[in-house]
Each structure stands twice: as structure tokens, then as C-alpha cells.
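These notes concern the structure reproduced below.
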Amino acid sequence: MFTTLLKQVALGLALTATGASVAPAALAAPAPAPAPAVREEFPAPAGFTPGYAEVDGVKLHYLKGGAGPLVLLVHGFGQSWYEWHQLMPLLAKTHTVVAVDLPALGLSGVPKSYAGQDVAPLLYQFAKQFSPNAPFDLVAHDIGIWNTYPMAVEHQADIRRLVYMEAPIPDERLYQFPAFTPQGESLVWHFSFFAAGNQLPETLVTGHERFFIEHFIKEHATNKNVFTPALLDMYGRSYAKPQTLHGSFEYYRALNETARRNKPLSATKLTMPVLAIGGGGHGGMGKLQGEQLSEYAINVTKKVLPDCGHWLPEECSAALNPIVVNFLTAN
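Read left to right, the sequence shown gives residues -28 to -1, 1 to 303 (mature numbering (1 follows the signal peptide of the UniProt record, and there is no 0)).
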């Protein structure tokens, strides 16, 4: 038996040396390694799991948890789905909560167009995958408003209640924003810079994403201390991805088109209950949030959160979260 084994080994070595093939049973090819899973950028709240859904060729990343009617959460610039992580578990007591990464941001794929009227249909079709036969609630912050307003106008029967915070619906008033103020840096200095061509902002920010994100967030915040180094590290890493950095600026390059295409939509008023929330401190829109939305909707509840800046879900979660929960659970 030992002699037979030696002969088999010798035969295998001889065949290998001459280039001859060896029987599959003798040298089986290793199984291909599985594709590595995409690593999540932010920790999921308890009870939430990540997933992907494809809409019109665009892969959208999301976190999902809870049970009940759907509420879709749409984040703003400089952040990701994670800005909602303190609100999500509270809403999950009564709702199926889906927090999505905007196209090109977080772990979502790149859209064909960054105009709000082209992104909104992606988000609408995405939401209907989770709520095909019932209306859903919608909560949006910052550029999340730019990319959901067309959906809210065109699919009013499918939006049960709407919460908008800390950004105007894009219209011609954008061009009245000051580039410079007596206090120095304007809160809206970035609109023109982000919209600049020839990859100007990408070139200047690349390699300095963490510094850029920290400056931008803290300059629009009242409660700066909530943005810990660990939190800013996560946002900085997310926006250091070339796709994300470029995509975030593309939303501003498309803003003129978004505002222009909003004009005919504005002739139709929003009829669902709308909650408009502005931050009353440094960086916040204050009462302007509710004043502008009152021109676009007929049933608006206005709230201003004192001592809160632009980043309401993280700066002022204790004040914001009950207001949103109560509004969405009201009869």
C-alpha cells in the first residue's frame, strides 16, 4: 500500500514537470472566494438592519426597522442616514422606519441626474417598494427637501404627513442669499463654491475632508459639542470617498435647474399636513422655514426650536424627536 502511494506521488510530480494535466480528483481547483461584503460606514441602531434596493439602475442603501406604516427619512448635505439614528428607534415603535442614503452619498449608487425633479422619482419608487398599497410619511432635512419636494407635489395621495426642517424649497429667492455679511462668513457662502465647475471644490477639499466637514458642521451649529471627534471622523471618512464628495457638490451644481423646474410645480399647493421646523439659534433658519413652506402648502404647523442650529436631529434630539413623533402619530 505504501509502495502504491509512492508511485502515485511520483506520477503526479512527473506529470506536473512535463506540463501534463492532473486528474481533477488529484488537484481540485480551489472554490472562488465570496465577494467581500460592503462594510457599513455607521453603526446601526438596535433593531435596524441595512439593505439595498435598486431603482432605475441606481442602488440605494438604507437602514430599516420597526413595524407599521412607513416613514421615510431623507438626510441632508454633510451627513448620511445616520443623522436620524436617535429618532429612528422612537419612530420604530409605531412605524416601519426606512432611513435612506441619498444617491451618490453614503453607500448609495450614482444617479443619472442630480436635479431634484430627477432624484425625487427614485426616492418615490424606492418608498413604494416598502409601502406599495398605502400612503407613507416623509421626513426630510436640508437637501433632502430639495430632492423630495417634487415627489410630495406630484404624489400627494401617497404622502400622509410631511415634515421638513432646515432648508428652503429651491426657488428664485436662492439668489438673494448674501455671500458676505457684516459678521464675516455667510451661512450660505458654500452655495457658489460647491457649484463651481472644473472640479474646483473637489480639488481643494480632497485630502482635507475631515477638516472640511468639521468646519462646515460646526459653523452651522449652535450646540457644537454634540459633534464629537468620533462622530466627525465617521462623517469625514464617508465624504472622503471620491464618489460621495463629488456627488455632494453635484447637488449644488444642479440647484439652478432644480429651482427652475420647481416653478411650475409650485402652482399646486401641498394639501397634506405639513410640519415645518427651524432652528432658532446660530446656523438655523428660524421662522423662515415655516414662512416659506406656508407659501407652498395650505396646512402648515410651524415650530422654531430655540438654541438649536442647522443640524436639528443631532444638535437638539431631545427637543426635536417628541415633536416629530407626536406629529406623525396624531389622528
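Where a beta carbon is used, it is the ideal one built from N, C-alpha and C, also for glycine.
By the Cβ rule, the segment 231 to 242 counts as touching the segment 129 to 148, because three or more pairs are nearer than 8 Å. Leu217 sits away from Gly252, with the two beta carbons spaced by 8 Å or more.
Burial state of Asp114 is buried, judged by a 10 Å Cβ sphere holding 16 or more other Cβ atoms. Look at Glu263 here: in three-state DSSP terms it is helix. By the beta-carbon neighbour count (other beta carbons within 10 angstroms, threshold 16), Ser210 is buried.
Within its own chain, the residues whose Cβ lies closer than 8 Å to the Cβ of Ala18, once the five positions on either side in sequence are excluded, are Pro61, listed in chain order. Runs of the alpha helix (DSSP H) lying entirely within the segment 10 to 89 and spanning at least 4 residues, in chain order: 60 to 63. Here the C-alpha atom of Pro75 lies approximately 11 Å from the C-alpha atom of Gly88.
If the five residues before and after Ile185 are omitted, its C-beta is found closer than 7 Å to the C-beta atoms of Gly50, Leu204, Tyr207, Gly208, Tyr211, all from its own chain and listed in chain order. For Val111 and Leu292, the gap between their C-alpha atoms comes out near 12 Å. Closest by C-alpha distance to Pro245, out of Tyr136, Asp279, Arg225, Lys36, is Tyr136.
Contact between Tyr34 and Val72 is confirmed by a C-beta separation of about 4 Å, below the 8 Å threshold.
Between Cys280 and Thr200, the CB-CB gap reaches or exceeds 8 Å. Counting only runs of 4 or more residues that sit fully inside the segment 169 to 250, the alpha helix (DSSP H) segments are 172 to 177, 181 to 191, 201 to 211, 214 to 225, 227 to 237, in chain order. Linking Val46 to Thr153 through their CA atoms gives a straight-line distance of about 31 Å. The segment 147 to 167 and the segment 219 to 226 touch, with no fewer than 3 CB-CB distances between them shorter than 8 Å.
In the structure shown, Asp109 adopts extended strand secondary structure according to DSSP, grouped into three states. Excluding its 5 nearest sequence neighbours in each direction, Gly37 has C-beta neighbours in its own chain below 6 Å: Gly19, Phe20, Ala64, Val69, listed in chain order.
Each residue's CA atom was taken as its position, placing Trp161 and His282 some 15 Å apart.
Distances from the alpha-carbon of Ala239 to those of Gln155, His192, Gly258, Tyr121 put Tyr121 closest.
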